[in-house]
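Residue numbers (full-length UniProt numbering): 54 to 639. Have a look at the structure below before the remarks.
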Ligand code: FEO
Ligand code: CA
Ligand code: CA
Ligand code: CA
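And the structure:
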């Protein structure tokens, strides 16, 4: 294979069909291996997985967490052997309380909160390949970062900022969805749906304007941790909220290092922290805010990231956060979120830059940013520098109109936006945009309009990743209230999938289909492009498409990957190789 763009040969595998089966399917000529499912001990002497989910909180803290998400492979050696020995760093987005313990969500207990906190966060684990088979290794690097790991804050909202002062030292990262990484070999984890972790039973509590803007409610997402742990009671500990919604930097090569919340990147429901280099060597980080009607952001460093590091300064602490404003003529501008500039003045109630960052969403509202259909993952083309963003689904088009970046009034299927920065500089302040791909089923109108005839069916694009040759990998997250259901116009699209696309030709091909109820997320490769890692999140999550779960099997429309009748489904990483040892996608 040539790997060239525009030749039609970039994507050569034979696509897999739509699936509604409880299996993982990859193309002919490929093999998939399950690696590190939830509950796998971090060392061979660690506590073994118990299939009735009776592992304690203490055991969970030294096992692989739940609901694998964003992920990055860091080679441990240079050259060819770096593709058979590396650190896999991955997020654990949330816990399903029904799956986490033998008796499920009720009653809530301190032990269940502790286990939930231990199942969130990040895993660092060394993995090695021998004769085509990968396995975790006992390693000094192996580590879990959870909801109780000590953390610190850097940038304009420093560790001693009064908004953060609460009853305990700052700890933990939660709701770790998409991710990023830096050229100085650190991992970036993004805190997304943290608002749902909090709640209160106080009858006198009402949310502040900021809390309302971030979706804080008395019920939260019904985790009910606040019933037994005041840390998560918003009436008792409102400042704890300010400790979440950040991008967190982790050094996987220093197991003693403290994760740092990089506040200059803003406080939102972060999806992706995608690094690229702008002019003068400046760090540029793109990040979405996954909410229907929220915004797309980028951070641009003040100076060359190499220079800042030589001065022992973090390139992520020094720079400007911008939010995107899209014009319907295909142009756009990046608007700075800087105290004292534009609408963000003292006269308008803003106190300083920390205030702007703590209330990033309100600052973006104030400068008139463009509301989008749930901006999720971001990836940058390896040659052109063009930026691709998934808009997973939403309803903004009903107000922004057909020429806007949300052209569908009822966008149940999603699309992928493309941004070309002025002069090819990712640090530029103006851009042009278009829509690279529309997802959906053109057999259902009006929702399926704008999909090219004959395009491979997919819906709700979420994870997004350019490989080194410019293949665009698209991971889908059709919610379980829609998956496989005709009533939601999703019956012909099947289970969630991984697809490969060629932006130059518009070719899209389905590469992998997941087991029932699962989402496909997290994606990374070895440097030789011969091992592709993806995550299978929430297999078996309840959906009405396959009937009613039973008391013995509370979520079980799936039993992947163990297929143990007495067990339960387990989120896991899957590593995919080509039988002939070639590059993935060829
Ligand atoms: Fe965790 Fe926006 O998906
Ligand atoms: Ca996601
Ligand atoms: Ca999603
Ligand atoms: Ca998810």
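The beta carbon of each residue, even a glycine, is placed where N, CA and C say it ideally should be. Quick caveat: nothing in here was measured; it's all calculated off a predicted structure.
Collapsing the DSSP output to three states places residue 409 in a helix. Here the alpha carbon of residue 454 sits roughly 8 angstroms from the alpha carbon of residue 461.
Counting only residues whose CB is nearer than 6 angstroms to a non-hydrogen atom of ligand 3, the list in chain order is 429, 445, 515, 530. Measuring C-alpha to C-alpha distances from residue 529 to each of 516, 625, 279 identifies 516 as the nearest. In this structure, residue 478 and residue 542 do not form a Cβ contact; the two beta carbons are roughly 41 angstroms apart against a cut-off of 8 angstroms. By the C-beta density criterion, residue 155 is exposed, having fewer than 16 other C-beta atoms within 10 angstroms. Shortest Cα-Cα distance from residue 275 to any of 147, 214, 317, 302 involves 147.
Counting only runs of at least 4 residues, the stretch 330-385 fully encloses the following alpha helix (DSSP H) elements, listed from N- to C-terminal order: 358-363. In this structure, DSSP gives residue 89 a state outside helix and strand, which the three-state scheme calls coil.
With respect to the 8 angstroms criterion, residue 414 and residue 90 are not classified as neighbours on the basis of their beta carbons.
Counting the other Cβ atoms within 10 Å of the Cβ of residue 427 gives 16 or more, which makes it buried. In terms of CA proximity to residue 412, 397 leads the group 424, 397, 425, 360. Beta-bridge pairing by DSSP links residue 425 to 347. With 16 or more neighbouring CB atoms inside 10 Å of its own CB, residue 340 falls in the buried class. Counting the other Cβ atoms within 10 Å of the Cβ of residue 130 gives fewer than 16, which makes it exposed. If you check the CB distance, residue 570 and residue 627 do not come in under 8 angstroms. Burial check for residue 498: the Cβ neighbour count within 10 Å stays below 16, so the residue is exposed. Excluding its 5 nearest sequence neighbours in each direction, residue 417 has C-beta neighbours in its own chain below 7 angstroms: 348, 376, 390, listed in chain order.
Between the beta-carbon of residue 63 and that of residue 523 there is about 7 angstroms, and that keeps the pair under the 8 angstroms contact cut. If you draw a straight line from the Cα of residue 440 to the Cα of residue 480, it comes to about 12 angstroms. Going by DSSP, residue 265 is part of the alpha helix (DSSP H) stretching over 262-266. Considering only 346, 215, 192, the residue with the shortest C-alpha distance to residue 266 is 346. Exclusion of the five residues before and after residue 127 leaves 139, 140, 142, 238, 305 as the residues of its chain whose Cβ lies within less than 7 angstroms of its Cβ. For the 8 angstroms CB-CB criterion, residue 562 and residue 71 do not form a contact. DSSP places residue 483 in the strand class (E or B) of the three-state scheme.
The stretch 320-328 makes no contact with the stretch 213-224: fewer than 3 CB pairs, one atom from each, lie closer than 8 angstroms.
Exclusion of the five residues before and after residue 137 leaves 182 as the residues of its chain whose Cβ lies within less than 6 angstroms of its Cβ. For residue 573, the pairing in a beta bridge is given by DSSP as 589. Secondary structure at residue 124: strand, using DSSP grouped into helix, strand and coil. Rounded to whole angstroms, residue 167 and residue 110 show a C-alpha spacing of 6 angstroms.
Residue 67 and residue 433 have their C-alpha atoms spaced approximately 26 angstroms apart.
In terms of Cβ geometry, residue 595 and residue 586 do not form a close pair [threshold 8 angstroms]. The C-alpha of residue 263 lies about 37 angstroms from the C-alpha of residue 503. In this structure, ligand 1 has a non-hydrogen atom nearer than 7 angstroms to the beta-carbon of residue 230. Linking residue 445 to residue 533 through their CA atoms gives a straight-line distance of about 14 angstroms. Going by DSSP, residue 153 is part of the alpha helix (DSSP H) stretching over 150-153.
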